[in-house]
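Chemist:
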Amino acid sequence: MAQTIKTSQTKKYFLIPGNTAQILPLQDNETDNPSSNAIIRNKTPMGMSANKDKNINFGVRPPIPVKPILPNPRIISTPKGRRIETRTVKIHEPAKPKDINTVQNPRRAAPKASAYVFLDKISSLPSLNAKKAAFHDHTPLALQLLKLADRPIRQIAASQGSINVVTDNNKILVAETVINEERNSFVDFATPNSLNDLDVLSVSCGSQHTVVCAASGSNFVVLGSGDNTVGQLGFGNSNSNYSISNVNEFKVIKTPSRSRFHQVCCGNFFTFLLTDTAEVYCMGHNNHGQLGLGNQANSISEPTFCMALLGVPVISMAAGSSHSLALSATGVVFGAGSNKQGQLGISNQDDQYQFIVFDSLASVHIVHIAAYECVSAAIDEFGTLYVWGCQWGKSPNALTFQSDGNTPEKIVDVALGDDGRIAVLTARNKLIVSGFFVNGEPIKIPVDIISPSSAFVKLFSGGEYFFALTSSSKLLPLIANNNYNNKSLLPPTPIEIKDKLRPSNQILALNTSHLPTFFDLPSAQQVLGYIFASLSAINACFLIDNFTEDMASISSGVAIGSVLEFYNQLMKHDELMNCATVSFNELLSDLQSVHLSIRRPTTLRFLIVALFHPSPIEYKQSFLFWANLVMTISKLNAYSILTQWISVLNEDEIKHILKSIKDFIAVLASETNKLYSTVMFKSIKTLEMIWYASTRSKKLSFDMFYHETINKMIDLEEEHSRFTSEQSPWCFATTAPYVLDADSKTKFLHEISQAVMFNRQLSTVVEAANFFGNIPVLSPLDLFFVVKVKRDTIIQDTFTHICLLKNPDTDLKKPLKVIFENEPAVDAGGVQREFFELIVNQLLDPNINIFITKDNFIWFNKDSNDPTALQTYYITGILVGLAIFNGNLINIRFPNIVYKKLKGQTVTLSDLRELDSQLYNTLQSILSYQGDVENDMCLTYEYEGIPLIANGNDIPVTNRNREEYVNAVANYILNQSIASQFNSFKEGFLQAAGKIALNLFRPEELALLIAGREELDFYALMKATQYEGGFNADSPPVAAFWRIVFNRLTEEEKKKLLYFVTASPRAPIGGLGKVPFVIAKDGNRDHIPTSHTCYFMLVLPDEPDEDEMYKKLKIAIENSEGFAFK
0 MAQTIKTSQT KKYFLIPGNT AQILPLQDNE TDNPSSNAII RNKTPMGMSA
50 NKDKNINFGV RPPIPVKPIL PNPRIISTPK GRRIETRTVK IHEPAKPKDI
100 NTVQNPRRAA PKASAYVFLD KISSLPSLNA KKAAFHDHTP LALQLLKLAD
150 RPIRQIAASQ GSINVVTDNN KILVAETVIN EERNSFVDFA TPNSLNDLDV
200 LSVSCGSQHT VVCAASGSNF VVLGSGDNTV GQLGFGNSNS NYSISNVNEF
250 KVIKTPSRSR FHQVCCGNFF TFLLTDTAEV YCMGHNNHGQ LGLGNQANSI
300 SEPTFCMALL GVPVISMAAG SSHSLALSAT GVVFGAGSNK QGQLGISNQD
350 DQYQFIVFDS LASVHIVHIA AYECVSAAID EFGTLYVWGC QWGKSPNALT
400 FQSDGNTPEK IVDVALGDDG RIAVLTARNK LIVSGFFVNG EPIKIPVDII
450 SPSSAFVKLF SGGEYFFALT SSSKLLPLIA NNNYNNKSLL PPTPIEIKDK
500 LRPSNQILAL NTSHLPTFFD LPSAQQVLGY IFASLSAINA CFLIDNFTED
550 MASISSGVAI GSVLEFYNQL MKHDELMNCA TVSFNELLSD LQSVHLSIRR
600 PTTLRFLIVA LFHPSPIEYK QSFLFWANLV MTISKLNAYS ILTQWISVLN
650 EDEIKHILKS IKDFIAVLAS ETNKLYSTVM FKSIKTLEMI WYASTRSKKL
700 SFDMFYHETI NKMIDLEEEH SRFTSEQSPW CFATTAPYVL DADSKTKFLH
750 EISQAVMFNR QLSTVVEAAN FFGNIPVLSP LDLFFVVKVK RDTIIQDTFT
800 HICLLKNPDT DLKKPLKVIF ENEPAVDAGG VQREFFELIV NQLLDPNINI
850 FITKDNFIWF NKDSNDPTAL QTYYITGILV GLAIFNGNLI NIRFPNIVYK
900 KLKGQTVTLS DLRELDSQLY NTLQSILSYQ GDVENDMCLT YEYEGIPLIA
950 NGNDIPVTNR NREEYVNAVA NYILNQSIAS QFNSFKEGFL QAAGKIALNL
1000 FRPEELALLI AGREELDFYA LMKATQYEGG FNADSPPVAA FWRIVFNRLT
1050 EEEKKKLLYF VTASPRAPIG GLGKVPFVIA KDGNRDHIPT SHTCYFMLVL
1100 PDEPDEDEMY KKLKIAIENS EGFAFK
């Protein structure tokens, strides 16, 4: 809900202050220039004489008893139906008198700093009708506190009987006065004896109590005075005999050790204390839950940590009569307590016993909060003021003040008071007040008070009155760091963002500007100890200047470059590194036993800082830190938000986190000699975040996640046992297959396949119907899936065998045995490898027209969808599944799209690039075309004559719908046009191979598992070769063989050699180094080389001559087809 309040060009007013003062119209020959002294008057009013009577108001002119001339002021109708009219006035500072009986020189220079009190006005004309006077007079009484002139003031707090002032040099001045009754400009201020030797940092007053935060050297103390009947001063525990109901002078309050309290905020009968590590403590009345402790305890009588705000980097607090507000460093407002008058900005009127987020302000970055009685206010970074509660409504109203030329005023401060009183300060040092009483009548018209020669710079509330500070420096809150208490361990670092209000944090929080000199500070170790022991402080560190919390669903807001630079510099200082690590580690350990009440991004940001901590390999002492980190991430279940935050990091940053986690896993496995433990499981879950983040952003290749230590240490039998056990909690194959390299996955798949085959054979034995004694009578067909084929009719013979299976689901899971008719070979692996090579070659024959070739990949023919063709696709799927299940390569190069579709992943336009690069580029050109697509390209919503939507042939492709058209074309090619063909293929694949391989392997790995690698690394093969029969690596025939391979064979001849030895021209998924290649000796040097493909064995004649060996090897590899002599 928005409300606009406009300041109109009315007759100007000015104020001549004294003991009391009145606002008068600004005359035509006077100026409203804030820097001018021309209109300061010191004339003796007509009918009065200047004498020494203390009751005379020096320099005061009687009010003009006529209505001022106003040129059509702008009237605004508010959402509540009220009509608000604004008036503009001007205030003038008087010359400071040396004596109240002497009128001073009117040309004396104005003081550099002043303090004003704005009060209700009571008419000095008893004969006038009060209501009539109120109609003509819309201004409050302005009283200057002359004893505070030229004193730079940081803060003012007032109670019913005192005014407490904190100066810029950390001294406190107290005046015992009821200012709204006494109305004395010359009230005296003095420092209480108990506070004389202290540096006062902050003061706040409740209804009848005052609390001060102060420092004595390096020690921080909190003192209180006044009423303590409900524990608002923290003197006494309700469970003990020690308690004090009233304190007449400031007394030290017992607070937790090591807590550096630097801010205090008092509600009517309760108190909040804020440490410089952004942690909140509370005490006092809690009847409405205003302490936010999550319980309904009536009162808390000693400072108690507010667990509800654990992790929230609170930079300021505000309190009303029975509600409280907290503001985080990231601009989020939290509230607790009573909501009877809508002061918490939520729809219901229920009390809130712990802090909740103001969702209505979630989309803006709040930089200042205020509260009084049942009203709340906030200012966002653009200077917009929001007010809610009581007459302002139950949800925040955005109040926009517009001045000359309808220019919105940027609000930088606000103070709330009794009965709707409100004062705001603009970025132009303009003061606007409203809600005061004149002669007993409420004046709701905002009064625009133009800055005097010393500009208004700060506001404070006194309930029935306001304080306004002026200063010649014109430094404003939220713009300049003018309220820094100079007791921080870190130097101030104002945040400078163009057109935004971002005050520097008054808490210990490292940021980019600290890094160049931080490690040279004498207090560096102390700062690190405090920050890394506080969750809230860490969450405020290294924030990006321009960050707003509504971005947190996408980015963490942490300046990663600064975090990396911080750790790089920290590693150069062993003592500092140890301090930070120990403190951070203890914090992580403690977090595993507590509950975060507010689980928002703002409370989880510390995890990003932690993930960039040096790994145990980089810094040995960080092993326990990383162990606690992975356990804490699990405890907080922060995987989802961290995955998102990591996904938007750049490639190098993601690599950094990945390396650190992999390092920790390696050290953990090596130190414990275990791969299966609770900490390992949590570590793998943490690694999984990076996997999902990388998969989402496509920034890292999948093989970067292979973990060398795990692949070396993994026991495949134990892994298989866990995989098949219902009681086992986890295994790598199901939890983190991405850490297993292709070789480990292939071995594991082989382990599973062998177990399934054995179980099928065992079931056959158990279910045997015929017995010879106690021995079951079984044929090879009972124990194996036997395929007997002829080379020239291999497709038809295979189809027949598969179609005649009585129980395909069972029979296809038996070990495969292939028999070539009229050939003597026994299938121990080599025969079936050749079988797959031959049948695939025939299936891919263009004359069959089942598959087509696109960009060197095999693809489904969209025109082959008759029943016979679909049956062929089904059989092809079975063959591919059989090859996987039996550990064979098959020469069919599908694009990764096929394996994505098998895994159920969505394929899109980007996938089309792999299959048809030319079409992909054409579609991209449609998307990027700068001209008129409809008239220049003349396309309709069809592809190759096929409508992509209903009536697509008649629908033109335009700039507006081209993206949908391009995606529709990609979907048609990749999905719709080949739907029946692919579904038949998938059905056969799953029937033969099941889902194990699909779950275990990535699409890219499946492509290598099925078709093998085209790259042939014979050096890796040589390195892995074993020698038998008297040969060794240095034998002359062996040396001659390898020289021939590396120097004389062409690439095509190398493939033939590989086919001769292994029955496949391609390397397995792990490369040629994974082939169990054996070279054996044939003692007869006249023989040509032979091979045993089942055992990957090459038998070489004992021929040392390289030329002779080359001739014989060529004969062998050129005549290698079949298992009979040609």
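First residue of the sequence shown? That's 0 in numbering that gives the first Met the number 0, and the numbers climb one at a time after it. Glycine included, every Cβ here is placed at the ideal spot set by N, Cα and C.
1) From this set, ALA992, PRO1088 and THR1061, which residue's C-alpha is nearest PRO1036's C-alpha?
2) Tell me which residue opens and which closes the beta strand (DSSP E) that SER215 is part of.
3) Given a cut-off of 8 Å on the beta-carbon distance, is the pair LEU563 and PHE611 in contact?
4) Helix, strand or coil: which one does DSSP assign to LYS443?
5) Can you tell which of ASP1101, THR745, LEU514 and ASP740 has its C-alpha closest to the C-alpha of GLY1029?
6) Do you know whose CA, among SER487, ILE543 and ILE537, lies nearest SER522's CA?
7) Which first and last residues belong to the alpha helix (DSSP H) in which CYS802 is found?
8) In the DSSP assignment, what residue or residues form a beta bridge with CYS281?
9) Classify MET316 as buried or exposed, calling it buried when 16 or more other Cβ atoms lie within 10 Å of its own Cβ.
10) Thinking GLY330 and THR602 are a contact (beta carbons under 8 Å), I'd like their distance in whole angstroms, please.
11) Could you have a look at MET550 and say whether DSSP puts it in helix, strand or coil?
12) Along the chain, where does the beta strand (DSSP E) that runs through GLN262 open and close?
13) Could you check if GLN975 is buried or exposed, using at least 16 other CB atoms within 10 Å of its CB as the buried criterion?
14) Considering only the alpha carbon of each residue, which of SER362, GLU1004, GLY1011 and ALA1019 lies closest to ASP702?
15) According to DSSP, SER460 sits in a beta bridge with which residue or residues?
16) The beta strand (DSSP E) spanning ASN218 covers which residue range?
17) Exposed or buried, GLY291, counting other C-beta atoms within 10 Å across all chains shown (16 or more means buried)?
18) If ARG599 sits next to VAL356, beta carbons under 8 Å apart, how far is it from one beta carbon to the other, in whole angstroms?
19) Pull up the CB-CB distance for SER224 and THR209, whole angstroms please, since I reckon it's below 8 Å.
20) With a threshold of 16 other CB atoms inside 10 Å of the CB of GLN262, please say whether the residue is buried or exposed.
21) When you compare only the Cα positions, how much space is there between VAL279 and ILE597?
22) Mind checking who LYS120 pairs with in its DSSP beta bridge?
23) Run through the DSSP bridge pairs and tell me what GLN154 is partnered with.
24) DSSP three-state call for GLU1014: helix, strand or coil?
25) CB LEU424 to CB TYR385, shorter than 8 Å?
26) Cβ of PHE541 within 8 Å of Cβ of VAL647?
27) Answer yes or no: do GLY461 and GLY434 have a C-beta to C-beta separation smaller than 8 Å?
28) Would you please state the rounded distance, in angstroms, between the beta carbons of PRO814 and PHE783? I believe it to be under 8 Å.
29) Using the Cα positions of ASP1106 and ASP1033, report the straight-line distance between them to the nearest angstrom.
30) Let me confirm a value: ASP149 is counted as buried when at least 16 other C-beta atoms fall within 10 Å, else exposed. Which label applies?
31) Measure from the alpha carbon of SER327 to the alpha carbon of each residue in ILE162, LEU343, PHE354 and ASP350, then state which is nearest.
32) Identify every residue that forms a DSSP beta bridge with VAL332.
33) Which residue wins for smallest C-alpha separation from PHE984, given the options PHE757, TYR872 and GLU180?
34) Cβ atoms of TYR705 and ASP740: under 8 Å apart, would you say?
35) Excluding the five sequence neighbours on either side, which residues of its own chain have a C-beta within less than 8 Å of the C-beta of ILE1009, listed in chain order?
36) So which of ILE365, GLY392 and HIS322 has the shortest CA-CA distance to ASP379?
Modeler: Answer, in terms of the structure:
1) Residue mapping note: residue 1036 aligns to position 1037 of the sequence shown, counting from 1. Of the candidates ALA992, PRO1088 and THR1061, the one whose C-alpha sits nearest the C-alpha of PRO1036 is PRO1088.
2) As a first step, residue 215 must be located in the sequence shown, where it is residue number 216. Looking at the DSSP string, the run of the beta strand (DSSP E) that includes SER215 is 208 to 215.
3) By one-based count along the sequence shown, residue 563 stands at place 564. By one-based count along the sequence shown, residue 611 stands at place 612. In terms of Cβ geometry, LEU563 and PHE611 form a close pair [threshold 8 Å].
4) In the sequence shown, residue 443 corresponds to position 444, counting from 1. In this structure, LYS443 counts as coil in the three-state DSSP scheme.
5) Translated into positions along the sequence shown, residue 1029 becomes position 1030. With distances taken between Cα atoms, GLY1029 lies closest to ASP1101.
6) Reading the sequence shown from its first residue, position 523 is the one you call residue 522. For SER522, the nearest C-alpha among the options comes from SER487.
7) Position 803 of the sequence shown holds residue 802. Run containing CYS802: 793 to 802, per the alpha helix (DSSP H) assignment.
8) Translated into the one-based positions of the sequence shown, residue 281 becomes position 282. DSSP output for CYS281 lists PHE271 and THR303 as bridge partner(s).
9) To locate residue 316, count along the sequence shown from 1; it is residue 317. Classification of MET316: buried, given that the 10 Å Cβ count is 16 or more.
10) On the sequence shown, residue 330 is found 331 positions in, with the first residue counted as 1. On the sequence shown, residue 602 is found 603 positions in, with the first residue counted as 1. Not confirmed; about 14 Å, so no contact.
11) Position 551 of the sequence shown, counted from the start, is the residue given in the question as residue 550. Of the three classes helix, strand and coil, the one that applies to MET550 here is helix, per DSSP.
12) Translated into positions along the sequence shown, residue 262 becomes position 263. Segment 260 to 265, the beta strand (DSSP E) holding GLN262.
13) Counting from one through the sequence shown, the residue named residue 975 turns up at place 976. Looking at its Cβ environment, which holds fewer than 16 other Cβ atoms inside 10 Å, GLN975 is exposed.
14) Within the sequence shown, the letter at position 703 stands for residue 702. Nearest Cα to ASP702 within the set SER362, GLU1004, GLY1011 and ALA1019: GLU1004.
15) Numbered from its first residue, the sequence shown carries residue 460 at position 461. Beta-bridge pairing links SER460 to PHE465.
16) Locating residue 218 in the sequence shown gives position 219, where the first residue counts as 1. Its beta strand (DSSP E) spans residues 218 to 226.
17) As a working note, residue 291 is residue 292 in the sequence shown. By the 10 Å Cβ count, GLY291 comes out buried.
18) Here residue 599 is taken as the residue at index 600 of the sequence shown, counted from 1. Here residue 356 is taken as the residue at index 357 of the sequence shown, counted from 1. For ARG599 against VAL356, the beta-carbon gap comes to about 7 Å, under 8 Å, which counts as contact.
19) Within the sequence shown, numbered from 1, the residue matching residue 224 stands at position 225. Within the sequence shown, numbered from 1, the residue matching residue 209 stands at position 210. Contact holds; Cβ gap of about 5 Å.
20) Locating residue 262 in the sequence shown gives position 263, where the first residue counts as 1. That one is buried.
21) As a first step, residue 279 must be located in the sequence shown, where it is residue number 280. As a first step, residue 597 must be located in the sequence shown, where it is residue number 598. In this structure, the straight-line span from the alpha carbon of VAL279 to that of ILE597 is close to 14 Å.
22) If you number the sequence shown from 1, residue 120 lands on position 121. Beta bridge pairing from DSSP links LYS120 with VAL437.
23) Numbered from its first residue, the sequence shown carries residue 154 at position 155. Beta-bridge pairing links GLN154 to VAL165.
24) Start at 1 with the first residue of the sequence shown, and residue 1014 comes out as number 1015. In this structure, GLU1014 counts as coil in the three-state DSSP scheme.
25) Here residue 424 refers to the residue found at position 425 when the sequence shown is read from its first residue. Here residue 385 refers to the residue found at position 386 when the sequence shown is read from its first residue. No. Outside cutoff.
26) Counting from one through the sequence shown, the residue named residue 541 turns up at place 542. Counting from one through the sequence shown, the residue named residue 647 turns up at place 648. Going by C-beta atoms, PHE541 is not nearer than 8 Å to VAL647.
27) Position 462 of the sequence shown holds residue 461. Position 435 of the sequence shown holds residue 434. Using a Cβ distance threshold of 8 Å, GLY461 and GLY434 do not count as a contacting pair.
28) Taking the first residue of the sequence shown as 1, we reach residue 814 at position 815. Taking the first residue of the sequence shown as 1, we reach residue 783 at position 784. At roughly 5 Å, the Cβ-Cβ gap stays under 8 Å, so PRO814 and PHE783 are in contact.
29) The count along the sequence shown starts at 1 and reaches residue 1106 at position 1107. The count along the sequence shown starts at 1 and reaches residue 1033 at position 1034. When rounded, the distance between both Cα atoms is 18 Å.
30) As a position in the sequence shown, residue 149 is number 150, starting the count at 1. By the neighbour-count rule (16 or more Cβ atoms within 10 Å), ASP149 is not buried but exposed.
31) By 1-based counting over the sequence shown, the position of residue 327 is 328. Taking SER327 as reference, the option from ILE162, LEU343, PHE354 and ASP350 with the minimal CA-CA separation is PHE354.
32) In the sequence shown, residue 332 corresponds to position 333, counting from 1. Answer by DSSP bridge pairing, in chain order: LEU326.
33) If you number the sequence shown from 1, residue 984 lands on position 985. Ranking the options by Cα distance to PHE984, first place goes to TYR872.
34) One-based indexing of the sequence shown puts residue 740 at position 741. One-based indexing of the sequence shown puts residue 705 at position 706. Their beta carbons are under 8 Å apart, which means ASP740 touches TYR705 by this criterion.
35) Along the sequence shown, read from residue 1 onward, the residue named residue 1009 stands at position 1010. Hits under 8 Å: VAL879, ALA882, ILE883, LEU888, ILE889, ILE891 and PHE893.
36) Here residue 379 corresponds to residue number 380 of the sequence shown, with the count starting at 1. Here the closest residue by C-alpha is ILE365.
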